[in-house]
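In my numbering, the protein residues as written are 31 to 772.
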Amino acid sequence: MAAPASAPFRSAFESSPANIGHTLQDVIASLARAADQGQDALFSEARILFRTALGAADTRILTRSAGMWREWNRIEAEDGLDENVAVLVDRLQPRDAPVRSGRFLVAPVRGSSVAVVIEIGEAAEAPASDLQCLCHVLYLALGSCESGQGNPDKLEAIRVFQRVANQILKSGDLNDVFTQITHEAKVRLSADICGVMLKEDDWLVMQRCVGNLASATASLRMRSGQGVAGRVLETGKPCAIEDYIHSEIISRDFFSLARAERVKSALAVPLLSQNEVIGALEVWRRRPSRFTPQHTAELATLANLASLAIENVRLAQARESAARRLELAHKELQARYDVIRMSADLQEGLTSLLLAGASAPEIAERASLHLSRPVLLLDRRLDVEACGPRDFEFEPLLRDTRTEISKAGAEARAILCGAAALRFYCQRIVAGAEFLGWAVVFGGEDPGGSVQLALGEICVTVALHRMKERAAARALSDRLSSLLWDMVEAPEDLRRAALQRARDCGVDLSGDICVMVCSFQESPRRNGARPPDRGVPASWRQMVGEFAMRLPSSNRDVKLSTLRGDELILVAAMRGGAQPRELAEAICKDLDRAMPGVITCVGVSRSLKSPDLIPSACKDAQAALTVTRQANQNRVLAIEDIGVAGLLLSMRDGADLRQFAIEKMRGLFNESARQREALLDTLRIYFASNCSQSATAKRLRLHQKTIAYRLEKIEKITGLDLNLHESRMLLDLAVRMNDLLA
């Protein structure tokens with residue numbers, strides 16, 4: 031860099047005009063030397079010269095970038111000038127004389143792209159003419175700088191083109207070629223951003239971009255006439271813009287993006303193929319500059335190389351297309367062979383599973399593994415029996431699947447159902463003349479048609495499995511049915527033997543259990559119409575034999591079941607704090623679904639801690655069922671719900687009165703003997719006094735509050751509300767029976 035100007039420059043300006051000429055000559059020489067080293071060196075030297083020559087306190091050289099004035103060495107800074115200077119600079123026209131405002135003196139250097147601001151004293155005389163002269167010298171030096179940069183070494187240009195050509199020959203990937211071209215163009219033209227755009231329908235779409243700050247630049251899209259590249263698409267000719275924001279040549283569609291990228295100038299050339307514009311190659315600069323004809327020629331050469339690469343790729347693709355067609359013919363023959371081979375493998379695998387006694391989930395898992403897609407097995411009521419893979423989330427799809435299957439009809443072959451979002455093949459599972467359910471394979475058909483072949487094999491295997499399972503279930507059901515009747519009606523020794531045999535059969539009766547007795551009657555139908563056939567079992571006995579397996583997984587708590595006449599007796603386990611009535615209501619719904627057109631009534635016993643109490647619990651459930659039949663209101667009743675009526679009905683069948691007293695008085699027997707007798711005496715006198723607390727207190731010679739406290743304690747212990755007539759009646763009977771049996 032040239033040596034900075036010093037005191038002689040200032041003293042020359044303060045002396046005669048002859049000295050001024052010599053000083054200008056020195057200034058021109060210094061700026062000329064700095065211009066040879068580039069724009070940054072030129073601006074740095076000019077700043078020192080202006081401050082020294084004009085005796086200014088400070089000098090700033092400004093450039094306009096992305097619509098804002100910034101100091102030349104802080105072009106990337108987010109903040110601009112202070113407000114007073116910015117307003118002063120914005121008012122300048124390209125050929126205006128220097129303007130003073132307070133201690134600042136502002137002069138334009140070139141157009142509206144470069145300006146100088148000097149800071150002088152408030153009272154100092156403004157050297158306007160001297161500043162204008164120096165600005166003109168800087169203008170000439172700036173032009174010389176850009177002219178020197180606009181004529182690059184020809185050998186280096188040839189090397190650039192050679193590197194791009196080598197990349198085209200080595201790589202058939204346009205992305206690699208575009209990356210090379212944008213990089214070389216950015217470096218060669220001293221640009222900040224470079225991008226390649228190709229024509230897609232009526233749009234120019236950015237394919238590759240380097241140097242951008244905003245993500246929107248990398249996905250830029252424009253129509254003909256929009257922006258610089260859009261103008262190239264419209265005219266088919268190169269387009270150079272010196273001042274992007276203030277240009278009258280291009281549209282204003284992308285001015286906001288230009289400000290975000292801080293671009294000042296741009297140059298774009300067309301990509302041509304057979305005299306048709308197929309794209310554009312564009313460079314942007316974030317500094318004020320002019321693009322020379324040499325710049326345009328070099329960028330056009332790179333654009334031609336890009337067009338050549340595109341044509342080269344198209345020829346390669348045509349050649350590869352012919353090879354692919356030949357390969358596809360071979361693959362089609364191979365695929366047909368593979369379908370036949372895979373079908374045989376699936377058939378062999380499913381047969382092996384069936385012979386090994388595999389379950390329905392294992393069959394679904396094997397089929398899903400073979401097809402690499404989800405498989406669902408449904409029963410005749412469209413409840414899920416098994417799915418594969420086992421962790422498949424079928425619940426979100428189940429409703430739409432059932433709807434589509436209902437529309438499918440009774441075809442016994444594979445049917446493609448659903449829309450694009452839910453496509454599946456389904457086929458009925460049939461054994462003889464009996465319909466057993468559906469097999470569902472999610473996803474459309476593959477090109478080889480293997481799904482339909484596999485679906486048929488799955489249906490045959492599942493049908494054989496169901497028949498085998500049904501035979502085993504029927505045999506086990508008959509055995510457990512006999513054991514349950516022994517538990518209900520046989521003598522004590524036979525009941526214990528039956529209970530042990532049930533445990534040997536895998537029936538777990540530990541924990542809380544309850545007994546339910548169900549009855550069935552045909553529901554009235556309008557006009558004598560028959561209910562639709564939704565898979566009603568051929569007989570109730572067949573349904574009972576399969577009942578535990580037919581229940582949804584959430585209700586697999588039925589441990590024993592038997593049918594005699596029109597009454598079905600169930601023994602169920604209560605899990606997770608469920609109450610007998612809640613479990614009975616759930617099972618009642620399952621029975622309704624299993625036998626459409628039949629009304630089910632259920633009587634429920636109390637919760638049992640031991641299976642030894644099954645006989646008495648069965649009597650309680652039958653008593654509740656009798657009330658249910660007579661009431662014609664509630665289809666499910668527990669023995670606790672029927673109160674005195676339950677006791678009377680139980681007495682008809684020989685009720686255990688001692689057990690009745692214990693159940694009703696509950697925690698009273700856990701109190702100390704003295705406390706228990708005091709509470710029982712209070713109850714006896716209370717009932718004998720027509721439930722009058724004042725009369726009871728008078729007869730016991732106690733305060734009325736004491737009587738109220740004792741009655742409240744009895745309510746808490748027994749769980750009975752003495753304000754209710756039925757509760758008072760039950761507790762009165764329990765006390766009398768306890769006194770009688772004691």
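Think of the CB as a built atom: it goes at the ideal place given N, C-alpha and C, for glycine as much as any other residue.
Euclidean distance between Cα positions of residue i and residue j
| i | j | result |
| --- | --- | --- |
| A65 | E306 | 41 angstroms |
| C721 | Q705 | 21 angstroms |
| Q162 | N114 | 21 angstroms |
| N196 | G202 | 11 angstroms |
| S41 | A59 | Unreliable positioning characterises S41 in this predicted model, as indicated by a pLDDT of 48, which lies under 50. A coordinate reading is not provided. |
| S254 | W99 | 31 angstroms |
| S511 | R531 | 12 angstroms |
| L761 | K619 | 35 angstroms |
| S142 | L118 | 13 angstroms |
| I669 | D587 | 20 angstroms |
| V136 | L170 | 19 angstroms |
| A416 | F465 | 17 angstroms |
| R533 | L539 | 8 angstroms |
| A484 | L401 | 8 angstroms |
| S303 | S337 | 6 angstroms |
| R90 | T82 | 13 angstroms |
| I715 | R740 | 12 angstroms |
| A290 | S159 | 37 angstroms |
| L754 | R525 | 40 angstroms |
| D88 | P318 | 23 angstroms |
| P426 | H495 | 28 angstroms |
| N181 | L329 | Unreliable positioning characterises N181 in this predicted model, as indicated by a pLDDT of 46, which lies under 50. The coordinate reading is nonetheless provided below. One C-alpha to the other measures close to 13 angstroms. |
| A463 | S640 | 45 angstroms |
Minimum C-alpha distance to residue i - residue among the options
| i | options | result |
| --- | --- | --- |
| I629 | E612, P641, K294 and T658 | T658 |
| V414 | S402, E291 and T431 | T431 |
| F472 | G225, T89, P419 and Q347 | P419 |
| C175 | A145, F73 and K229 | F73 |
| R261 | I275, L234 and V240 | L234 |
| L412 | L399, D421 and R429 | R429 |
| R396 | G173, A116 and M372 | M372 |
| A624 | L228, D409 and E612 | D409 |
| L287 | G68, A127, G633 and G257 | G257 |
| T736 | I747, L709, M759 and E756 | L709 |
| I148 | V226, I78 and L529 | I78 |
DSSP-derived helix/strand/coil call for residue i
| i | result |
| --- | --- |
| Q457 | strand |
| R564 | Reliability fails at R564, whose pLDDT of 42 lies under 50, so the model's placement of it is uncertain and the value that follows must be treated cautiously. Three-state DSSP puts R564 in coil, outside helix and strand. |
| F285 | helix |
| L752 | coil |
| A469 | strand |
| G606 | coil |
| C417 | strand |
| P138 | strand |
| E552 | strand |
| V129 | strand |
| P323 | helix |
| V167 | helix |
| G309 | strand |
| A300 | It is worth fixing the name first, because residue 300 is Pro in this sequence and not Ala. Three-state result, P300: strand. |
| I150 | coil |
| C269 | strand |
| V785 | Here the chain comprises residues numbered 31 to 772, so residue 785 is not present and cannot be evaluated. |
| C535 | coil |
| G225 | strand |
| K589 | strand |
| E670 | helix |
| L529 | helix |
| S245 | helix |
Below-8 angstroms beta-carbon distance, residue i vs any chain B residue
| i | result |
| --- | --- |
| L84 | Absence of chain B from the displayed structure is noted, only one protein chain being present. |
Near the ligand GDP: residue i beta-carbon under 7 angstroms from a heavy atom
| i | result |
| --- | --- |
| L84 | Of the ligands one can find in the structure shown there are none, so the ligand GDP has no counterpart to examine. |
Quiz item: Would you call the region 594-609 and the region 545-553 touching, i.e. three or more CB-CB distances under 8 angstroms?
Solution: yes
Quiz item: Does the count of Cβ pairs from the region 349-356 and the region 376-384 closer than 8 angstroms reach three?
Solution: no
Self-check item: Within the region 376-415, ranges of the beta strand (DSSP E) (whole runs, at least 3 residues)
Solution: 405-409
Exercise. Could you tell me which uninterrupted alpha helix (DSSP H) segments, each at least 4 residues in length, are contained entirely in the region 67-101, listed from first to last along the chain?
Key: Those alpha helix (DSSP H) runs which fall completely within the region 67-101 and span 4+ residues are 69-84.
Self-check item: Length-filtered (3 minimum) beta strand (DSSP E) runs lying within the region 602-651
Solution: 628-634
Quiz item: When the Cβ atoms of the region 331-348 are set against those of the region 360-371, are three or more pairs found closer than 8 angstroms?
Solution: no
Quiz prompt | Touch test, the region 295-302 against the region 330-346, Cβ-Cβ under 8 angstroms, three pairs minimum | solution = yes
Practice problem: For the region 603-619 and the region 483-499, state whether three or more C-beta atom pairs, one from each stretch, are separated by less than 8 angstroms. | Solution: no
Quiz item: Hey, is the region 243-251 in contact with the region 265-273, meaning 3+ C-beta pairs nearer than 8 angstroms?
Solution: no
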